[in-house]
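> Using our numbering, read the sequence shown as starting at 1 and increasing by one per residue.
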Amino acid sequence: MSQLFPSDDRSVLCSDGKGVRRRLEVHCLAIPDVKLIRTPRFSDTRGYFCETFQRADFAAQGLDCDFLQDNQSSSDRPGTVRGLHFQRPPFAQTKLVRVLRGSILDVAVDLRRSSSSFGRHVAMELSSESNEQLLVPAGFAHGFCTLEPDTVVFYKVDQVYSAAHDSGVNWADSRLGIEWPVASAEANLSEKDRGLPMLVDLAPVFE
């Protein structure tokens, strides 16, 4: 799991829909540009309510996100791997990822050649119960492995899908040092993802 850095944490008040304000929390991870976001959940006898995204609250944290598209995936089996995906400029995407049902190990790999953390990654477990989201900026490859059956993942992106700019890095690249919760031979993934290149074979994309 990735380390939180409390000294870099920030919070902002957000609404329960009835005028009550509580704190939206933003936590920097081991690669500070990747953020763990906790949104307050308001519970009563009916269940709960929460705001998962409010542009003004994010902007107050310095997170200026202009999301254009929402995506959702459903995975039947635990050990399903999707990734590691990114889009090349000018269609590079920032993603805001959360889990609607089940749980995942969510991973972001820094592909920015000029970054001191190039080739490094952060990994966080997200679940439908945790009320946490991962903000993955452009310049990173993103992917996840499901930890439970019937897991549903939802994410917002700030660029539309472009097949011509779609790319990725092989999830099983040993140089990335990702501790996946499933063995390579047992992972359930697409042939497309299985054939993605290792990072060393990927032409520079992000400076």
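All residues carry an ideal CB built from backbone N, CA and C; glycine is no exception. Bear in mind the structure is a predicted one, so any value in this text is a computation, not a measurement.
1. Taking the CB atoms as reference points, tell me whether residue 126 and residue 162 lie closer together than 9 Å.
2. Count the other CB atoms, across all protein chains shown, that sit within 10 Å of the CB of residue 110; report buried if there are 16 or more and exposed otherwise.
3. Compute the beta-carbon to beta-carbon distance between residue 198 and residue 173, rounded to the nearest angstrom, for a pair I have assumed lies under 8 Å.
4. Restricting to Cα atoms, I'd like to know which of 30, 77 and 180 is closest to residue 116.
5. In the DSSP output, which residue or residues are listed as bridge partners for residue 75?
6. Span of the alpha helix (DSSP H) holding residue 55?
7. Quick one: residues in its chain with C-beta nearer than 6 Å to the C-beta of residue 81, no 5 flanking neighbours on either side, listed in chain order?
8. Quick check on residue 202: does DSSP put it in helix, strand or coil?
9. Grab the span of the beta strand (DSSP E) containing residue 194 for me, first residue to last.
10. CB-CB under 6 Å to residue 180, same chain, minus the five flanking residues each way: which ones, in chain order?
11. From the DSSP secondary-structure annotation, give me the bridge partner or partners of residue 107.
12. Say whether the region 27-43 touches the region 135-152, bearing in mind that this needs 3 or more beta-carbon pairs closer than 8 Å, one atom from each stretch.
Judging by the given coordinates:
1. no
2. buried
3. 5 Å
4. 30
5. 151
6. 55-60
7. 145, 171, 187 and 189
8. coil
9. First-last for residue 194: 191-194, but that is the alpha helix (DSSP H), not the beta strand (DSSP E).
10. 145
11. 123 and 143
12. yes
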